[in-house]
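Step one of this worksheet: look at the structure below.
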Amino acid sequence: GNIGVVLPQGGYLEGLRSLCDAAGALLIFDEVMTGFRVHPSGAQALHRIKPDLTCLGKIIGGGLPVGAYGGRRDIMNLVSPAGPVYQAGTLSGNPLAMQAGITTLRLLQDLNLYQRLEVLGKQLEDGLRQSAKTAQCAISVQRCGSMITPFFSPGGAPVHNYADALQCDQAAF
Numbered sequence: 044g045n046i047g048v049v050l051p052q053g054g055y056l057e058g059l060r061s062l063c064d065a066a067g068a069l070l071i072f073d074e075v076m077t078g079f080r081v082h083p084s085g086a087q088a089l090h091r092i093k094p095d096l097t098c099l100g101k102i103i104g105g106g107l108p109v110g111a112y113g114g115r116r117d118i119m120n121l122v123s124p125a126g127p128v129y130q131a132g133t134l135s136g137n138p139l140a141m142q143a144g145i146t147t148l149r150l151l152q153d154l155n156l157y158q159r160l161e162v163l164g165k166q167l168e169d170g171l172r173q174s175a176k177t178a179q180c181a182i183s184v185q186r187c188g189s190m191i192t193p194f195f196s197p198g199g200a201p202v203h204n205y206a207d208a209l210q211c212d213q214a215a216f
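Here the sequence shown is numbered in the numbering used here, starting from 44 and rising by one per residue.
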């Protein structure tokens, strides 16, 4: 995303789920960046948190301009033609994007792909850490699957939020 890979701290997503449930609010996950990149079922599967709605981006169209959303049956039944909420867009149902999406989703069913991405991501993470150590450079390498960001943070401290990211050495990056 805009500031790189910032992993949720332990209990954060569970806390959001609890707060939303208590308030009767929907928990919506924006998986535009993480959907299908970090796990076949997105980051929500890695963190074992089930949102009420999920938004996905152009990865489901093989990089073509397409997006999708999905969620609980009771919510999705509100969308036309089953329900009163009409949703449409300029590229809705574009045949090229839909075919690219079907092809991409078929390719992503190969779970060996995710295992390979994890191995390669870990190799890159380890290499970045070793290079930083050799260069005597404080660095925090944050990774989720194949998504990775090296932060030149004070003392190599993990980056938990935007304020932490602002403290990093942007010039070194």
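Virtual Cβ for every residue (Gly too), placed ideally from N, Cα, C.
In the three-state reduction of the DSSP assignment, Ala86 falls in the helix class, which pools H, G and I. With 16 or more other Cβ atoms inside 10 Å of its own Cβ, Gln87 counts as buried. Secondary structure note for Tyr157: it is in no beta strand (DSSP E), and the uninterrupted alpha helix (DSSP H) holding it is Leu154 to Thr177.
Counting only runs that start and end inside the segment 103-144, the beta strand (DSSP E) elements of at least 3 residues fall at 111-114. Cβ-Cβ separation between Gly164 and Ile182: approximately 16 Å, too far for a contact (criterion under 8 Å). Residue nearest to Phe79 within the set Ser123, Gly126, Gln152 and Gly114 is Gln152 (criterion: CA-CA distance).
The C-alpha of Ala200 is placed about 30 Å away from the C-alpha of Cys63.
About 6 Å separates the Cβ atoms of Pro108 and Ala140, confirming a contact at the 8 Å cut-off. Inter-segment contact for the segment 66-82 and the segment 91-105 is present: three or more beta-carbon pairs are separated by less than 8 Å.
Here Ile103 is buried. Its C-beta has 16 or more other C-beta atoms within 10 Å. DSSP, reduced to helix, strand and coil, places Asp95 outside both helices and strands of the structure shown, so it counts as coil.
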